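J.:
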Amino acid sequence: MDTTQLLKGVLDLAVLAVVADEDGYGYDVVRRLRNAGIEEVGDASVYGTLRRLYSSGALTSYVVPSDEGPHRKYYGINAQGRAMLEAQRKDWQEFAGTMARLLGTETVR
Amino acid sequence: MSVLTEDQDVAAYAVAVRRSLVGLSQEQVDDLTDDLEADLADALADERRATHGQGLVAQFGTPEAYAAELRAAAGLPTADRPASRWERLFPDPVEQSQRMGRRMLGWLRSQAWWPSTESFLVALRPVWWVLRAWLVLQVATAFVLGPQRMGLRVGGLAEWVVLGGLVVASVQWGRGAWFQSRSTRWLPVLTNVVAVVAILPVLATMSSRATQAEDVYRAWASGAFNGGTQTVYEDRPVDGVVVDGIQVSNLFVYDAQGNPLQDVQVYDDRGRPVRTTFDNGYDQFWFPESTEPWSFVPAADADGRSRWNVYPLRGAPTAQFEHDDDGSPVLQVGVSASTPPWPFAKAPALAGRGTVPAAPGDGAVSASGEPSTGTSTGTSTGTSPTPSGALSGPTAGPTP
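Structural data, given as structure tokens:
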């Protein structure tokens with residue numbers, strides 16, 4: 000199955016989860032997603048998602064100056080983002096449980 | 000890849016991405032891409048990426064695709080950028096038709112009968128590919144050689160070679176094999192548009208030549224394509240008198256002594272008047288060595304009817320005609336019709352009837368007393384040449 004399509008629906012959740020773990024800048028978030036096993040997502044999708052979550056008020060943003068390389072725009076989660084993360088986490092787990100029952104596996108939870 | 004060229008590549012890629020973000024405000028573009036170079040450089044430097052070591056496009060896709068992904072993920076309107084006032088007033092016709100096409104396709108796909116129709120049409124696509132090549136050839140022919148050279152028939156080796164090349168290019172593009180790079184993609188698209196636009200004009204030209212296609216078949220049947228001469232068969236004999244394939248405008252008659260005769264009435268074997276002209280004096284005729292065209296006037300018989308089978312036809316230069324109230328041409332007052340120049344003042348005299356010395360016993364010919372003068376004339380009905388007796392019927396002078 001093409002997991003790219005599946006990911007589109009839950010990329011917000013994944014990005015929120017990563018940023019909630021620790022503040023991060025663009026490629027840093029991509030790298031952490033990859034390390035977590037989410038390989039199929041395009042870099043640009045992650046950057047766009049970060050920008051959208053920031054615009055909708057779920058993330059904060061601040062620039063960290065750097066002596067050698069370029070300045071970095073870091074993203075961090077705020078209260079609204081945490082609320083969103085919790086709600087979506089709950090939705091996802093319910094949905095995943097439903098799918099798992101439907102498919103006859105009980106590996107989730 | 001050296002660091003320097005990598006930086007240049009990243010910069011160029013970032014510029015292309017920003018350029019692809021059309022329709023967004025500068026602020027939005029900056030917001031979306033302010034870390035773009037740094038992120039790209041990080042990604043390229045990341046040795047744990049599966050695609051590490053490959054080029055930018057191999058890793059991230061084309062700048063356009065990257066920009067579209069960025070934009071879609073950021074929740075910004077993708078293809079349909081907000082229209083400016085100018086665009087609302089004068090919508091881009093290409094964009095409009097594309098949008099209409101998409102809407103149309105969406106509607107069609109929601110119909111129950113569409114899938115089978117679509118698969119049928121898809122199966123027909125190769126036909127279009129070939130037809131497209133042929134259309135392009137026709138348009139090119141019309142432009143380069145002129146519209147007269149367009150034709151259903153592909154003539155000549157060169158034309159076949161060009162058509163073959165076009166068909167190959169068209170089919171290869173249709174199969175997605177050629178012209179897929181950005182630099183050449185416009186070419187087949189433009190060609191497709193030209194072909195679609197050209198369908199109607201080309202087909203109209205072709206249908207106006209549907210009759211010619213028949214001629215082409217006849218020509219083929221008569222072997223003209225193999226280098227032979229073309230024989231044209233007419234369904235109906237040409238009205239009038241034809242000599243050596245050329246229509247005759249006037250007849251000149253000489254008697255047995257070779258003297259020219261005036262006002263000779265000519266009829267065929269069924270009593271029909273033999274006419275050379277059928278336009279009642281409207282037309283203009285050129286003679287050998289004449290400097291201006293002539294028009295003819297009829298003779299009038301005792302009952303006042305116009306007779307056009309009285310030879311030689313008399314007339315005058317067309318400039319000396321005027322039109323009467325009916326619009327019929329009449330000679331101007333003071334001008335009288337005259338006989339056009341005779342081909343010769345005197346024809347060779349005949350030796351005798353039925354005893355032409357050199358003629359072998361050819362019954363059919365000798366019965367009609369074929370004159371051995373140079374002015375042999377054939378009539379439309381294929382009857383024998385007019386006897387050269389000193390006929391003088393009820394003649395009347397040409398009416399002015």
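Protein chains in written order, with numbering that gives the first Met the number 0: chain A, 0 to 108; chain B, 0 to 399.
Built from N, CA and C at the ideal position, the CB exists for glycine as well.
Only a predicted model underlies this, so the values are computations on that prediction, with no experimental measurement involved.
#1: For a test of the three-state rule: what should DSSP assign to residue 297 (chain B), helix, strand or coil?
#2: Starting from residue 402 (chain B), follow the alpha helix (DSSP H) in both directions and report where the run begins and ends.
#3: Taking 8 Å as the cut-off, decide whether the C-beta atoms of residue 255 (chain B) and residue 344 (chain B) are in contact.
#4: To which residues of the same chain is residue 20 (chain B) closer than 8 Å at the C-beta, ignoring the five residues directly before and after it?
#5: What residue from B:292, B:98 and B:298 has the CA that sits closest to residue 283 (chain B)'s CA?
#6: Just to check my reading of the structure: residue 36 (chain B) and residue 16 (chain B) have Cβ atoms closer than 8 Å, yes? What is that Cβ distance to the nearest angstrom?
#7: Straight-line CA distance for residue 100 (chain A) to residue 93 (chain A)?
#8: Among the candidates B:240, B:338, B:170 and B:199, whose CA atom is the shortest distance from the CA of residue 125 (chain B)?
#9: Based on the DSSP output, what are the partners of residue 322 (chain B) in its beta bridges?
#10: Please name the residue in B:117, B:192 and B:13 whose C-alpha comes closest to that of residue 63 (chain B).
#11: Name the DSSP bridge partner or partners of residue 260 (chain B)?
#12: Does chain A have any CB closer than 8 Å to the CB of residue 94 (chain B)?
#13: Distance check for residue 263 (chain B) and residue 309 (chain B), CA to CA, integer angstroms please.
#14: Counting only beta-carbon separations shorter than 8 Å, does residue 69 (chain B) have a partner in chain A?
#15: Along the chain, where does the beta strand (DSSP E) containing residue 72 (chain A) start, and where does it finish?
#16: To the nearest angstrom, report how far apart residue 188 (chain B) and residue 6 (chain B) are at their CA atoms.
#17: Does any residue of chain A bring its CB to less than 8 Å from the CB of residue 6 (chain B)?
#18: Is there a C-beta anywhere in chain B that falls below 8 Å from the one on residue 41 (chain A)?
#19: How long is the line joining the alpha carbons of residue 176 (chain B) and residue 96 (chain A), rounded to whole angstroms?
#20: Against chain B, does residue 64 (chain A) count as a neighbour if the rule is that its beta carbon must be under 8 Å from one of theirs?
#21: Assuming residue 132 (chain B) and residue 165 (chain B) make a contact with CB atoms under 8 Å, what is their CB distance in whole Å?
#22: By Cβ distance, which residues of its chain are closer than 6 Å to residue 369 (chain B), with the 5 residues on each side in sequence left out?
#23: Does the beta-carbon of residue 393 (chain B) have 16 or more other beta-carbons within 10 angstroms, so that it is buried, or is it exposed?
#24: Contact criterion: CB-CB distance below 8 Å. Does residue 2 (chain B) meet it with respect to chain A?
#25: Between residue 31 (chain B) and chain A, is any beta-carbon pair separated by less than 8 Å?
#26: For the putative contact between residue 317 (chain B) and residue 294 (chain B), defined by C-beta atoms under 8 Å, what is the C-beta separation to the nearest angstrom?
#27: Beta carbons nearer than 9 Å to chain A: which residues of the segment 46 to 72 of chain B have them?
#28: Just reading off the beta strand (DSSP E) that residue 60 (chain A) is part of, what are its end residues?
#29: Report yes if the C-beta distance between residue 190 (chain B) and residue 129 (chain B) is below 8 Å; otherwise report no.
#30: CA-CA distance, residue 22 (chain A) and residue 46 (chain B)?
#31: Going along chain A in order, which residues have a C-beta closer than 9 Å to the C-beta of residue 13 (chain B)?
#32: Is the shortest distance between the beta-carbon of residue 48 (chain A) and the beta-carbons of chain B less than 8 Å?
#33: Does the beta carbon of residue 10 (chain B) come closer than 8 Å to any beta carbon on chain A?
#34: Give me the Cα-Cα distance between residue 304 (chain B) and residue 323 (chain B), rounded to the nearest whole angstrom.
#35: In the DSSP assignment, find the beta strand (DSSP E) that holds residue 313 (chain B) and state where it starts and stops.
T.: Considering the structure as presented:
#1: Stepping through the second sequence from its first residue, residue 297 (chain B) is reached at position 298. Here residue 297 (chain B) sits in coil by DSSP.
#2: Lying before the first or after the last residue shown, residue 402 (chain B) is absent from chain B, which here runs from 0 to 399.
#3: Sequence index remark: in the second sequence, residue 255 (chain B) carries index 256 (1-based). Sequence index remark: in the second sequence, residue 344 (chain B) carries index 345 (1-based). Here residue 255 (chain B) is not near residue 344 (chain B), since their CB atoms are 8 Å or more apart.
#4: Counting from 1 along the second sequence, the entry for residue 20 (chain B) is found at position 21. Excluding sequence neighbours, residue 20 (chain B) sits near 27, 28, 31, 32, 66, 69 and 70.
#5: Reading the second sequence from its first residue, position 284 is the one you call residue 283 (chain B). Ranking the options by Cα distance to residue 283 (chain B), first place goes to B:292.
#6: Within the second sequence, the letter at position 37 stands for residue 36 (chain B). Within the second sequence, the letter at position 17 stands for residue 16 (chain B). Actually they do not touch by this definition, with Cβ atoms about 10 Å apart.
#7: Sequence index remark: in the first sequence, residue 100 (chain A) carries index 101 (1-based). Sequence index remark: in the first sequence, residue 93 (chain A) carries index 94 (1-based). So the alpha carbons of these two residues sit roughly 11 Å apart.
#8: Within the second sequence, residue 125 (chain B) is the residue found at index 126, counting from 1. Nearest of B:240, B:338, B:170 and B:199 to residue 125 (chain B), Cα basis: B:170.
#9: In the second sequence, the residue the question calls residue 322 (chain B) occupies position 323. Answer is B:328, bridged to residue 322 (chain B).
#10: Working through the second sequence from its first residue, we reach residue 63 (chain B) at position 64. The option with the nearest alpha carbon to residue 63 (chain B) is B:13.
#11: Start at 1 with the first residue of the second sequence, and residue 260 (chain B) comes out as number 261. Looking at the DSSP assignment, residue 260 (chain B) forms a beta bridge with B:252.
#12: On the second sequence, residue 94 (chain B) is found 95 positions in, with the first residue counted as 1. Output row for residue 94 (chain B): interface = no.
#13: Within the second sequence, residue 309 (chain B) is the residue found at index 310, counting from 1. Within the second sequence, residue 263 (chain B) is the residue found at index 264, counting from 1. Computed Cα separation, rounded: 5 Å.
#14: Along the second sequence, one-based indexing puts residue 69 (chain B) at 70. Taking Cβ atoms only, chain A reaches closer than 8 Å to residue 69 (chain B), which makes this a yes.
#15: The residue labelled residue 72 (chain A) in the question sits at position 73 within the first sequence. 71 to 76 is the span of the beta strand (DSSP E), which, as asked, contains residue 72 (chain A).
#16: Within the second sequence, numbered from 1, the residue matching residue 188 (chain B) stands at position 189. Within the second sequence, numbered from 1, the residue matching residue 6 (chain B) stands at position 7. Straight-line Cα distance between these residues: approximately 35 Å.
#17: Here residue 6 (chain B) refers to the residue found at position 7 of the second sequence. Residue 6 (chain B) does not count as touching chain A.
#18: Counting from 1 along the first sequence, the entry for residue 41 (chain A) is found at position 42. Yes, contact with chain B.
#19: Along the second sequence, one-based indexing puts residue 176 (chain B) at 177. Along the first sequence, one-based indexing puts residue 96 (chain A) at 97. The straight-line gap from Cα to Cα measures roughly 46 Å.
#20: For this step, residue 64 (chain A) is matched to residue 65 along the first sequence. Answer no: the Cβ-Cβ gap between residue 64 (chain A) and chain B never drops below 8 Å.
#21: For this step, residue 132 (chain B) is matched to residue 133 along the second sequence. For this step, residue 165 (chain B) is matched to residue 166 along the second sequence. Yes, residue 132 (chain B) and residue 165 (chain B) are in contact; Cβ-Cβ is about 4 Å, under 8 Å.
#22: Counting from one through the second sequence, the residue named residue 369 (chain B) turns up at place 370. With a pLDDT of only 45 at residue 369 (chain B), under 50, the local geometry of the prediction cannot be trusted, and no value is derived from it.
#23: Taking the first residue of the second sequence as position 1, residue 393 (chain B) is located at position 394. Confidence in residue 393 (chain B) is poor, its pLDDT being 43 and thus under 50, which makes the residue's placement unreliable; the coordinate value appears in the next sentence. Exposed: under 16 other Cβ atoms inside 10 Å.
#24: To locate residue 2 (chain B), count along the second sequence from 1; it is residue 3. For residue 2 (chain B), the predicted model reports a pLDDT of 47, less than 50, meaning its position is unreliable; a value from the coordinates is still stated below. It does not; no Cβ of chain A falls within 8 Å.
#25: Residue 31 (chain B) sits at position 32 when you count from the first residue of the second sequence. Taking Cβ atoms only, chain A reaches closer than 8 Å to residue 31 (chain B), which makes this a yes.
#26: Against the second sequence, residue 317 (chain B) aligns to sequence position 318. Against the second sequence, residue 294 (chain B) aligns to sequence position 295. Yes, residue 317 (chain B) and residue 294 (chain B) are in contact; Cβ-Cβ is about 5 Å, under 8 Å.
#27: 47, 48, 49, 58, 59, 60, 64, 65, 66, 67, 68, 69, 70, 71 and 72
#28: Taking the first sequence and counting its residues from 1, one reaches residue 60 (chain A) at position 61. That run of the beta strand (DSSP E) goes 58 to 63.
#29: Taking the second sequence and counting its residues from 1, the one referred to as residue 190 (chain B) is at position 191. Taking the second sequence and counting its residues from 1, the one referred to as residue 129 (chain B) is at position 130. No, these two residues do not count as a Cβ contact at 8 Å.
#30: The residue you call residue 22 (chain A) lines up with position 23 of the first sequence. The residue you call residue 46 (chain B) lines up with position 47 of the second sequence. Their backbone Cα atoms lie some 22 Å apart in a straight line.
#31: Position 14 of the second sequence, counted from the first residue, corresponds to residue 13 (chain B). Those do not exist, as residue 13 (chain B) stays about 12 Å from chain A at its closest Cβ, beyond 9 Å.
#32: Stepping through the first sequence from its first residue, residue 48 (chain A) is reached at position 49. With 8 Å as the cut-off, residue 48 (chain A) counts as an interface residue toward chain B.
#33: On the second sequence, residue 10 (chain B) is found 11 positions in, with the first residue counted as 1. No, its Cβ sits nowhere closer than 8 Å to a Cβ of chain A.
#34: Your numbering for residue 304 (chain B) matches position 305 in the second sequence. Your numbering for residue 323 (chain B) matches position 324 in the second sequence. Each residue's alpha carbon lies about 18 Å from the other.
#35: Taking the second sequence and counting its residues from 1, the one referred to as residue 313 (chain B) is at position 314. Looking at the DSSP string, the run of the beta strand (DSSP E) that includes residue 313 (chain B) is 313 to 316.
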